[in-house]
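Novice: In my numbering, the protein residues as written are 19 to 356.
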Ligand code: MEV
């Protein structure tokens, strides 16, 4: 019989949206890359029916409650995703919690998370923590979940907490690499990419993703046809970006980025600071540049010829941005040594 451990440490990468944000919430595709700034989670099964969480990166320390109360009462923002992930896992797999009891492995769960990146960058730390929790419980209890099952359960958890979102960040945390992704995981296709010559700039501005999704939805209510046409055009552009990536045609990829940025500006999410950084990157010689994510703040991304790398970095900095050096095409969810 397979021996199960009481504790496991896992990690998942952050993500960066390359093409297709906002439109992907409404049935269109996007392209996302995983970045090698990881969230680690140590998950332990306890003898007592208690949930414990330490997540200092999101200001949660020594948070405790009975397992029976998961999801109830006032939950600190930083604890919501992990708490709901545990609840959803055992709701879906009650037999696993019985199995744990029968094996006298305990009935509680302790989670300790640590992040290699600040949640301020918008690299998707909440989704990565959700994915880590569900993956760790799968491994600890022997539940037979494949990557798509882990995606479905994690995505349900994220939707339960924040109500909106396409799930692209959940997919990036699980699968890693570069993904062509359609809303809700209807398609999750790994693209064979080793390297993309991109530079990432952080604006220093924080904006709430759900608020921006709602803002765009309001616009779509006012101008339904126009906005739906924009989503469809972004969808078509994503198909071309997929081909350009596969052919390593970075000149064309840059042009597509600029067009995508134009559509995002039309949706009203460009923001002055991001626009300054984007225009500075283009002026300094990038093939193209656009915002990455929900917009108004967080990050921008530029495709850049090698010999212009430093100039583009300088351009971003002189526009008030911070260049973030991260490796892309990071590995998806994995088990770590304790
Ligand atoms: C946010 O990073 C990207 C959005 O498309 C939301 C989502 O896809 O969940 C705006």
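Glycine included, each C-beta is placed from N, C-alpha and C at the ideal position.
Out of curiosity, what's the CA-to-CA distance linking residue 34 and residue 141?
Specialist: Rounded to whole angstroms, the gap between the alpha carbons of residue 34 and residue 141 is 6 Å.
Novice: Give the range of the beta strand (DSSP E) segment to which residue 277 is assigned.
Specialist: Segment 268 to 285 is the alpha helix (DSSP H) holding residue 277; no beta strand (DSSP E) there.
Novice: Tell whether a beta-carbon distance below 7 Å holds between residue 221 and residue 290.
Specialist: Between residue 221 and residue 290, the CB-CB gap reaches or exceeds 7 Å.
Novice: Using a Cβ-based criterion (distance less than 6 Å to any ligand heavy atom), does residue 236 qualify as near the ligand MEV?
Specialist: Remark: the shortest separation between the CB of residue 236 and any heavy atom of the ligand MEV does not fall under 6 Å.
Novice: Tell me which residues share the same chain as residue 119 and place their Cβ nearer than 8 Å to its Cβ, disregarding the 5 neighbours each side in the sequence.
Specialist: Per-residue confidence for residue 119 stands at a pLDDT of 44, beneath the threshold of 50, marking its modelled position as unreliable; the derived number appears in the next sentence. Around residue 119: 125.
Novice: Which of the three DSSP states, helix, strand or coil, is assigned to residue 110?
Specialist: helix
Novice: Relative to the C-alpha of residue 198, which candidate in 30, 26, 42 has its C-alpha closest?
Specialist: 42
Novice: Hey, could you find the ends of the beta strand (DSSP E) residue 200 is sitting in?
Specialist: 196 to 200
Novice: Sorted by chain position, which residues of the same chain lie with C-beta nearer than 7 Å to residue 264's C-beta, five sequence neighbours on each side aside?
Specialist: 209
Novice: Taking one C-beta from the region 335 to 346 and one from the region 213 to 228 each time, how about it: are there three or more such pairs within less than 8 Å?
Specialist: With the cut-off at 8 Å, the region 335 to 346 and the region 213 to 228 touch.
Novice: Would a C-beta distance cut-off of 7 Å place residue 148 and residue 97 closer than the cut-off?
Specialist: no
Novice: Pairing CB atoms from the region 181 to 190 with CB atoms from the region 277 to 287, are three or more of them under 8 Å?
Specialist: no
Novice: I need the straight-line Cα distance from residue 239 to residue 284, nearest angstrom please.
Specialist: 15 Å
Novice: Based on the DSSP output, what are the partners of residue 70 in its beta bridges?
Specialist: 82, 128
Novice: Between residue 51 and residue 227, is the Cβ-Cβ spacing less than 7 Å?
Specialist: Result no, Cβ atoms of residue 51 and residue 227 do not sit closer than 7 Å.
Novice: On the premise that residue 327 lies in contact with residue 217, defined as a C-beta separation below 8 Å, what is that separation, rounded to the nearest angstrom?
Specialist: 7 Å
Novice: The ligand MEV and residue 302: does the residue's C-beta get closer than 6 Å to at least one heavy atom of that ligand?
Specialist: Not so, every heavy atom of the ligand MEV lies at least 6 Å from the Cβ.
Novice: Tell me whether the beta-carbon of residue 230 lies closer than 7 Å to the beta-carbon of residue 319.
Specialist: no
Novice: Helix, strand or coil for residue 30, going by three-state DSSP, please let me know.
Specialist: strand
Novice: Compare the C-alpha of residue 66 against each of 252, 83, 167, 57 and name the closest.
Specialist: 83
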